[in-house]
Structure formats: structure tokens, C-alpha cells
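Structure first, then comments.
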Amino acid sequence: MASSAYGWTVRYKEQFYELYHVHYNRYPDDTMENIHWLEQALKADFANPLYALALIENEAQWEKYRYLFMMHVNLKMIEQYLQLGSKWDKRVAYFYNAPWKEQNLESLETAEKCYRTALAYWDDARSWAAKAGEKRFRFMNLERAQFWEDEALRVEEGGLDYARIVARELARLEAVRAKFRAMDERTY
80 MASSAYGWTV RYKEQFYELY HVHYNRYPDD TMENIHWLEQ ALKADFANPL
130 YALALIENEA QWEKYRYLFM MHVNLKMIEQ YLQLGSKWDK RVAYFYNAPW
180 KEQNLESLET AEKCYRTALA YWDDARSWAA KAGEKRFRFM NLERAQFWED
230 EALRVEEGGL DYARIVAREL ARLEAVRAKF RAMDERTY
């Protein structure tokens, strides 16, 4: 006897967000899968407040929730692209990597693209955090979204600054690239 399987259509931001998950082994394919779900979450509509990931009791809470959600998803996109970039980032140009100089330079280029893509989401995250931190929301607390509230405060106060983090990674990557370019047949 065959059992029937029921499925449902994923339509809303919250549903796509729930498909995002942290993997024990962080392979590039897993990270790209998460990026896909988070991108879909950014494009989709919000679910009815009844199905929100936090308790929503009025319009002001609903507005703040949407700002926090969008900020959080943008921050997750940054994290995922940084993680993806780290898979191609060589971090150190060892002398014994000289025979694969060109492949390493290509790998660094891929890492740089990932880091720059991560940076593209930072302005959006800051914008959403600023909206969530408006004066009218100051004493409004969404308990089930407390982590998002904490993230917004860290962004607002500068404790979480992905522009600085990405700039540091790009500067280090450029130094590694320069060492690879300086390698010649006498390096190894």
C-alpha cells in the first residue's frame, strides 16, 4: 500500500527563512543552498502577522518586526557570502603553492567576488536596522525576536560592522594575491 505525501507551497518570507539552516560540515553547496533560500526570503511577501516568527499584537509591532526581519536576513546573507568566500580564500601564500600559482589566483578572485557580494548587503542591513531603531520603536520589545533586536542595536552602535570586517578580509586577500603574483620559477 502506497502512502500519500502531502506538501505545501512555500510562498512567504518566514517560510523561506525557515528553510535556511546551519550545517555541521559547511560545504560550498550547503552555503549556496542557504543563499538561495535567503534570497527567496528577501523577494517574497510577508506572511500574515498571525504566522510571524514573533508575537504581533498591533500595527506598530508588525512594522518593527518587518524591519528587524529584513535586517536579519540581510545580515545572514552577509554571513553566508563571507563563509562561501572563505572556502576559496587561501589566507596565506606558502612557497610550496608556487606550482599552482594561477589556480590560487583564480581562487582568490572567486573569494573576492564573494566578499564584495557580502558587502552589497551591508547597506540594506544598516538601513533596516536604522528603521527598526527609530525613536517610536525604542521601548517596544518583540520578545521572540530579541536576538534580532540585539543585532539591530549592535549595528546601530557600530559593534557589528561588516564593512570593516569585509575591508579587512579584502586587504588581507590583496596581500596574499601580491605574494602569489611575486612568485616565479625560483620560488619553489
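According to the working numbering, the sequence shown is numbered sequentially starting from 80.
Backbone N, C-alpha and C define an ideal beta-carbon position, used for all residues, glycine too.
* Boundaries (first-last residue) of the alpha helix (DSSP H) holding E222 -> The residue given as residue 222 occupies position 143 in the sequence shown. That residue, E222, is in no alpha helix (DSSP H); it is neither H nor E in DSSP.
* Per DSSP, what kind of secondary structure is Y103 in: helix, strand or coil? -> Start at 1 with the first residue of the sequence shown, and residue 103 comes out as number 24. Three-state DSSP puts Y103 in coil, outside helix and strand.
* To do: Tell me whether the beta-carbon of T110 lies closer than 9 Å to the beta-carbon of L163.
  => Within the sequence shown, residue 110 is the residue found at index 31, counting from 1. Within the sequence shown, residue 163 is the residue found at index 84, counting from 1. Yes, the Cβ-Cβ distance between T110 and L163 is below 9 Å.
* To do: Return the bridge partner residues of Y96 from the DSSP annotation.
  => Translated into the one-based positions of the sequence shown, residue 96 becomes position 17. Beta-bridge pairing links Y96 to no other residue.
* Rounded distance between the beta-carbons of W116 and L268, thought under 8 Å -> Residue 268 lies beyond the residue range present for the chain, which begins at 80 and ends at 267; the question has no answer from this structure.
* Hey, could you find the ends of the alpha helix (DSSP H) N153 is sitting in? => On the sequence shown, residue 153 is found 74 positions in, with the first residue counted as 1. Where N153 is concerned, the enclosing alpha helix (DSSP H) stretches over 138-167.
* Asked: Would you call the stretch 192-209 and the stretch 144-156 touching, i.e. three or more CB-CB distances under 8 Å?
  -> Yes, the stretch 192-209 touches the stretch 144-156.
* **Beta-ladder partner(s) of Y91, from DSSP** => Residue mapping note: residue 91 aligns to position 12 of the sequence shown, counting from 1. Partner(s): D124.
* Please list, in chain order, all residues of the same chain as R211 whose beta carbon is under 7 Å from its beta carbon, the five residues on each side excluded. => Position 132 of the sequence shown holds residue 211. Note that residue 211 corresponds to Ala in the displayed sequence, not to Arg. Only residues of its own chain outside the window of five on either side were considered, and among them K143, Y146, L147, M150, A231 have a CB closer than 7 Å to the CB of A211, listed in chain order.
* Asked: Where F216 and A208 are concerned, what is the direct C-alpha to C-alpha distance, given to the nearest angstrom?
  -> For the purposes of this step, residue 216 is taken as the residue at position 137 of the sequence shown. For the purposes of this step, residue 208 is taken as the residue at position 129 of the sequence shown. Each residue's alpha carbon lies about 11 Å from the other.
* Run through DSSP, which three-state label would I244 get? -> Within the sequence shown, the letter at position 165 stands for residue 244. Of the three classes helix, strand and coil, the one that applies to I244 here is helix, per DSSP.
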